[in-house]
Amino acid sequence: MQAAPNTSYWLDALALVYFFIVWMLYSHTTANGFAGRKSLTYEMNQARRQWMATMSTRELRMIDTSIMIGLQQGTGFFASTSILAIGGCFGLLNSSGRVLTLFHDLPLLGETTQQLFETKILGLLVLFAYAFFKFAWSYRLFNYCSILIGGVPMARDKGPDDPQVIASVNRAAGINIQAGEHFNSGLRGIFFSIGYLGWFLHPLLFMITTTLVAIVLLRRQFFSTARAVLMQNSVTTDS
Numbered sequence: 012m013q014a015a016p017n018t019s020y021w022l023d024a025l026a027l028v029y030f031f032i033v034w035m036l037y038s039h040t041t042a043n044g045f046a047g048r049k050s051l052t053y054e055m056n057q058a059r060r061q062w063m064a065t066m067s068t069r070e071l072r073m074i075d076t077s078i079m080i081g082l083q084q085g086t087g088f089f090a091s092t093s094i095l096a097i098g099g100c101f102g103l104l105n106s107s108g109r110v111l112t113l114f115h116d117l118p119l120l121g122e123t124t125q126q127l128f129e130t131k132i133l134g135l136l137v138l139f140a141y142a143f144f145k146f147a148w149s150y151r152l153f154n155y156c157s158i159l160i161g162g163v164p165m166a167r168d169k170g171p172d173d174p175q176v177i178a179s180v181n182r183a184a185g186i187n188i189q190a191g192e193h194f195n196s197g198l199r200g201i202f203f204s205i206g207y208l209g210w211f212l213h214p215l216l217f218m219i220t221t222t223l224v225a226i227v228l229l230r231r232q233f234f235s236t237a238r239a240v241l242m243q244n245s246v247t248t249d250s
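For the sequence shown, my numbering gives the first residue as 12, with consecutive numbering after it.
So this is what it looks like as structure tokens:
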């Protein structure tokens, strides 16, 4: 027996609130650490600072510009993908009636109406739009970072402790880190949109898929092999 409409709508609202709470908690945990462990993102930010410091000692910086081009191309790819996803959402809105008719044959589908179904599609569209703006701004910041790299003076000429060298390196590293943060925020929107898809079937499934996405992302940030490698190199460097 299906739940009464009012009960179903309350469950939908609860699932949506849960979705955003999990998203915010994950973002907070990534930025501030989990159980005394620094995140993979934090370790990579330190690597970005080290990269900029090493870059200042190189006379030829073609390798640095090549890395920046690669970062921009990857960011541009995800921005373009987000645009395509937004277009797909508009197409889904145009065919919402037919899609909902097909969905009604699924046994897990909760109580829904075409208006609620279209609201869910609009929510998915907002997620992809959020991701696009994050990727677009990240692309722009990587472009700014390329300019700042060109303005970093040679540490060999002025000395690594020269105030101008230190200030230039810190500016380039800071913009690079900001670009990476916005790129990660865009990816986060893409990842959580996968969990959001569960809402189209049932609000309880929505909460389950959201939880699973968060668990996968937390494992990658704090318990992945990539993080272990970075931590091992960090310990070796410190010693």
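Glycine included, every Cβ here is placed at the ideal spot set by N, Cα and C.
Which residue marks the beginning of the alpha helix (DSSP H) containing residue i, and which one marks its end?
| i | result |
| --- | --- |
| Glu192 | 174–207 |
| Phe143 | 125–161 |
| Ser91 | 73–105 |
| Ala46 | Run containing Ala46: none; DSSP gives neither H nor E here. |
Report back the beta-carbon spacing between residue i and residue j to the nearest angstrom; my notes put them in contact at under 8 Å.
| i | j | result |
| --- | --- | --- |
| Gly197 | Phe146 | 4 Å |
| Leu51 | Gln232 | 5 Å |
| Val180 | Ala64 | 6 Å |
| Phe30 | Ala96 | Not a contact, Cβ separation roughly 18 Å. |
| Met55 | Gly191 | 7 Å |
| Tyr150 | Gln83 | 6 Å |
| Leu208 | Arg182 | Their Cβ separation, rounded to whole angstroms, is 41 Å, which puts Leu208 and Arg182 out of contact at 8 Å. |
| Gln255 | Leu111 | Since the first residue of the chain shown is 12 and the last is 250, residue 255 is not available in this structure. |
| Leu22 | Pro214 | 4 Å |
If you run the structure through DSSP and keep just helix, strand and coil, what is residue i?
| i | result |
| --- | --- |
| Arg230 | helix |
| Ala15 | Note on Ala15: pLDDT 48, under 50, position unreliable in the model; the coordinate value appears next. It is coil, neither helix nor strand. |
| Pro214 | helix |
| Glu54 | helix |
| His115 | coil |
| Thr68 | coil |
| Ser235 | coil |
| Met35 | helix |
| Met63 | helix |
| Met242 | helix |
Of all the options the options, which has the alpha carbon lying nearest to the alpha carbon of residue i?
| i | options | result |
| --- | --- | --- |
| Phe194 | Phe88, Gln125, His115 | Phe88 |
| Trp210 | Gln83, Glu129, Ser93, Arg60 | Glu129 |
| Ala142 | Ile158, Asn187, Thr86 | Thr86 |
| Ile186 | Met242, Leu127, Asn154, Leu111 | Asn154 |
| Gly206 | Val240, Arg48, Leu223 | Leu223 |
| Tyr20 | Leu82, Met66, Phe45, Thr123 | Thr123 |
| Ala178 | Leu152, Ser67, Glu54, Thr220 | Ser67 |
| Trp62 | Lys49, Gly47, Ile78 | Ile78 |
| Ile32 | Ala239, Phe203, Leu241, Leu216 | Phe203 |
| Trp34 | Ala239, Gly102, Leu228, Met242 | Leu228 |
| Cys156 | Ile80, Ala42, Met242 | Ile80 |
| Arg59 | Ala184, Thr221, Ile219 | Ala184 |
| Phe45 | Ile226, Val240, Leu241 | Ile226 |
| Leu136 | Ile94, Arg238, Pro164, Val176 | Ile94 |
| Ala24 | Phe217, Leu241, Met242, Val240 | Phe217 |
| Ala90 | Asn105, Arg238, Trp148, Leu215 | Trp148 |
| Arg69 | Val176, Ala239, Thr41, Met165 | Met165 |
| Cys100 | Asp75, Leu71, Leu133 | Leu133 |
| Gly161 | Arg48, Val28, Thr76 | Thr76 |
| Arg167 | Val240, Leu71, Ser107, Leu22 | Leu71 |
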